[in-house]
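To start, the structure itself, in C-alpha cells.
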Amino acid sequence: MRRRLRTPAYATFSRVAARAANRHDPAMEGAITLDLPGADVRLYHGWLPETEADALFHTLRAEISWHVHRIRLFGREVDSPRLSCWIGDPEAVYTYSGTRFEPMPWPQALQSVRERLTRTLAYPFNSVLANLYRDGRDAMGWHSDAEPELGSEPVIASLSLGAVRRFALKHRRDPAAKRVIELPHGSLLVMAGQTQENYRHALPRTVRPLGERINLTFRQILR
Ligand SMILES: O=C(O)CCC(=O)C(=O)O
Ligand SMILES: [Mn+2]
Numbered sequence: 002m003r004r005r006l007r008t009p010a011y012a013t014f015s016r017v018a019a020r021a022a023n024r025h026d027p028a029m030e031g032a033i034t035l036d037l038p039g040a041d042v043r044l045y046h047g048w049l050p051e052t053e054a055d056a057l058f059h060t061l062r063a064e065i066s067w068h069v070h071r072i073r074l075f076g077r078e079v080d081s082p083r084l085s086c087w088i089g090d091p092e093a094v095y096t097y098s099g100t101r102f103e104p105m106p107w108p109q110a111l112q113s114v115r116e117r118l119t120r121t122l123a124y125p126f127n128s129v130l131a132n133l134y135r136d137g138r139d140a141m142g143w144h145s146d147a148e149p150e151l152g153s154e155p156v157i158a159s160l161s162l163g164a165v166r167r168f169a170l171k172h173r174r175d176p177a178a179k180r181v182i183e184l185p186h187g188s189l190l191v192m193a194g195q196t197q198e199n200y201r202h203a204l205p206r207t208v209r210p211l212g213e214r215i216n217l218t219f220r221q222i223l224r
C-alpha cells in the first residue's frame, strides 16, 4: 500500500474556497469544468494575458537551468523526453520516478505567479516542476501526480506557455471516462479532489511541427 501523508486542514481545497477566492481574481472566472466522473478539473483560458505570458516564457527559457531528468520506466532508468527543473522552498524535496530532487531556488519571475496562485486557489504551493518541451517529440507518458509527499487529494495548478499541446486524461478503471483537451499559451489547468486517485494524464507526442512549450505544475510538498 502506498504511504499517505495527512493533508493539513488549511490545505483542504474546496469549491467554496475556490469560489470565495475567485472573487478577487477576474481571471479565475469563466472556468471550463471538465465533465469527468470522479475528477475535479478546471481550465482557465487566458489566465495570464498574452503579453505577460510572452514575457514569462522568454524569461524562464533563459533563466531556468534546464536539464534532462533521469526517470524509471518499466524498471529501467532512462532520459525523460523533455527538459526539466524542480524549483521550490528548501524543504520541498520531491522523489518521483525513483529519483530524489532537491529544489532549485525560485526565479524572481515565478514568485509573483506562485503568490497569485496561492492566494486565488487558497492552497499553499511550495514548489513547481518546470518542463520545457523542445518540439512535438518531447512528451510525457501516462501517469498521475500521486507521490506520497503530495498528500491525499492534492491540488496541481498547471500553467502552459508557448506552443499549444494536447493533454489527455483517462480514468483508471472506466474506459468511457476520458478526455483530450488543448492547453493554450497562458492557460491554467487546475486538477484537484480525487483527480489523481482516479485518473492518469499524459502529454502525447505529435508529428505536427511545433515550437517550444514551457509547462509549470505548481504543487505542495508535505513534510
Ligand atoms: O506538460 C504538461 O502539461 C503536463 C506535465 C505533467 O503532467 C507533469 O509534469 O506531471
Ligand atoms: Mn503530471
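For what it's worth, my numbering labels the leading residue of the sequence shown as 2, then goes sequentially. Glycine residues also receive a C-beta, built at the ideal position from the N, C-alpha and C atoms.
Just to confirm, is the Cβ distance from residue 148 to residue 96 under 8 Å?
Their beta carbons are under 8 Å apart, which means residue 148 touches residue 96 by this criterion.
Taking C-alpha atoms, which residue in 109, 113, 73 and 126 lies nearest to residue 223?
For residue 223, the nearest C-alpha among the options comes from 126.
Beta-carbon spacing of residue 128, residue 216 below 8 Å
Taking 8 Å as the Cβ cut-off, residue 128 and residue 216 do not qualify as a contacting pair.
If distances are taken between C-alpha atoms only, which option among 71, 116, 136 and 144 comes closest to residue 196?
Nearest C-alpha to residue 196: 144.
Less than 8 Å between the C-beta atoms of residue 180 and residue 214, yes or no?
No, they are not a contact pair.
Below 8 Å, how does it come out for the stretch 114-121 and the stretch 91-105: are there three or more Cβ pairs, yes or no?
Pairwise C-beta distances place the stretch 114-121 out of contact with the stretch 91-105, as fewer than three of them are shorter than 8 Å.
Taking the alpha-carbon positions, what's the residue 30 to residue 109 distance?
Taking the straight line from one Cα to the other gives about 26 Å.
Does the beta-carbon of residue 218, which I'm using as the reference point, lie nearer than 7 Å to any heavy atom of ligand 2?
Within the cutoff, so yes.
Please indicate yes or no: does the CB of residue 55 lie closer than 7 Å to some heavy atom of ligand 2?
Every heavy atom of ligand 2 is 7 Å or more from the Cβ of residue 55, so no.
Residue 208 versus residue 163: straight-line alpha-carbon distance, rounded:
Their backbone Cα atoms lie some 17 Å apart in a straight line.
Can you tell which of 57, 210 and 158 has the C-alpha that lies nearest to the C-alpha of residue 42?
The residue with the shortest Cα to Cα distance from residue 42 is 158.
Assigned exposure category for residue 74 - 16 Cβ within 10 Å defines buried
Classification for residue 74: exposed.
Pick out whichever of 124, 89 and 71 has its Cα sitting closest to the Cα of residue 81.
For the residues 124, 89 and 71, the minimum Cα distance to residue 81 belongs to 71.
So does residue 139 have its beta carbon nearer than 7 Å to some heavy atom of ligand 1?
Short note on residue 139: C-beta not closer than 7 Å to any heavy atom of ligand 1.
Name the DSSP bridge partner or partners of residue 128?
Under DSSP, residue 128 shares a beta bridge with 89 and 220.
On the DSSP bridge assignment, give the partners of residue 161 in chain order.
In the DSSP output, where bridge partners are listed per residue, residue 161 has 216.
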